[in-house]
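First residue of the sequence shown? That's 1329 in our numbering, and the numbers climb one at a time after it. Step one of this worksheet: look at the structure below.
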Amino acid sequence: MAVEDWKTYKYSQVELKKDVRDEVHEFLTKVFNTYMVRLPPNIFKQLDIVRDKLVTLTTRFNNDNYAEFCETFSKIYRLIILDKDVGGEIKNAIRELSEKTNNFFASKGMSLCVRELSYNVLRIKVLFESSPLKDALVAVESEGRVVASTKTSDNGVCSIEVPEGKYTVYVYKYVKGGQYVYEEKTVNVPVDSEVLFDIKETKSDTEIVRERGGRPIIKEIS
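Structure (C-alpha cells):
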C-alpha cells in the first residue's frame, strides 16, 4: 500500500469512529433524554447513572466502555422493573427505552446491550411442626426490596414467578400469644426452583426484628 493510500485509510478509520460517536450523541439527545424528562425524580436519579455511562461513549467509544454502559443499564433496568412501587406506565417507558437502545446499538454491529428479564417459577412449600402451614405470607426480596409476595394454600404451597437472580425469601405468619412463624432463606433462581421451609419453632416480634437487622417486613400482600 502506498504511503498516500495508507494516510487515506487511516483518515477513513478516524472518520468512521468519529461518526459512531456522533451517532451516539444524537441518540443521547434525541432519544434517551426525551425519555429521561418524563420520569419521576426517583427514577430519573437511577437512570442518570446510566446516562453518565452513555455520555462517555460520545467521546470514548470502545468495547470496555460499551460493556460498562450495558452492564449498568441492565442492572438499573432490573431494579426498576422489579420494584413494586413503580407504576406500569413508567415501567413501559423504561422497556421502550431499553428496546430502542438495543436496536440502536445492534444497528452499529454491537452485541445485545440491555438484557431482558427471563422469568422462572419458584415453588415454595411451608411446613410448621411437620404440617402444611396455610395462609402464611411468602415474600421475595431483591436488593432489600420486596419484588413479589403471596400466601400459601391449604396445602402450605405457593408459586411465584421471578426473573433469574439471587433473592431472599421469607415466610411470616402470626400464631398466637405474641408468637410468629418466621424464617428466611437465600435462593438462586433458576437453580433453586423449589424451596422447602420446615419450621419447628415460633419467634417473638423482637427476635424477628433482630434477625432482619432493621429491614422492614411486610405483613400483608400488597
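No residue lacks a Cβ here, since even glycine has one placed at the ideal position from N, Cα and C.
Secondary structure of alanine 1464 (DSSP, three-state): coil. Bounds of any beta strand (DSSP E) do not take in glutamate 1529, whose DSSP letter is neither H nor E. Per the coordinates, the alpha-carbon of valine 1497 lies some 5 Å from the alpha-carbon of glutamate 1512. Rounded to the nearest whole angstrom, the C-alpha separation of asparagine 1483 and tyrosine 1500 is 16 Å. Residue pairing of serine 1487 in beta bridges, as defined by DSSP: Arg1451.
Within the same chain, Cβ atoms closer than 8 Å to the Cβ of proline 1518 are found at Asn1448, Glu1492, the five residues on either side in sequence being excluded.
Your pair threonine 1478 and isoleucine 1488 checks out as a contact, with CB atoms roughly 6 Å apart and the cut at 8 Å.
Asparagine 1516 carries a strand assignment under DSSP once its states are collapsed to helix, strand and coil. When the beta-carbon positions are compared, leucine 1375 and isoleucine 1409 stay at least 9 Å from each other. Cβ neighbours of serine 1521 within its own chain (closer than 8 Å, five residues either side excluded): Asn1448, Val1449, Leu1450, Arg1451. According to the DSSP assignment, arginine 1540 belongs to the alpha helix (DSSP H) that extends over 1533-1540. Annotation: lysine 1381 is outside any beta strand (DSSP E); the continuous alpha helix (DSSP H) that includes it extends over 1369-1385. Looking only at Val1503, Val1414, Thr1384, the smallest Cα-Cα distance to threonine 1400 is reached by Thr1384.
Nearest neighbour of histidine 1353 by Cα position, chosen from Leu1382, Val1378, Thr1362, Arg1366, turns out to be Leu1382. For arginine 1473, the three-state secondary structure derived from DSSP is strand. Looking at the DSSP output, tyrosine 1500 bridges to Leu1465, Tyr1510. Note on threonine 1387: under 16 other CB atoms within 10 angstroms of its CB, so exposed under the neighbour-count rule.
Valine 1509 is positioned such that its CB atom lies closer than 9 Å to that of alanine 1464.
Shown here, lysine 1358 sits in a helix according to DSSP, grouped into three states.
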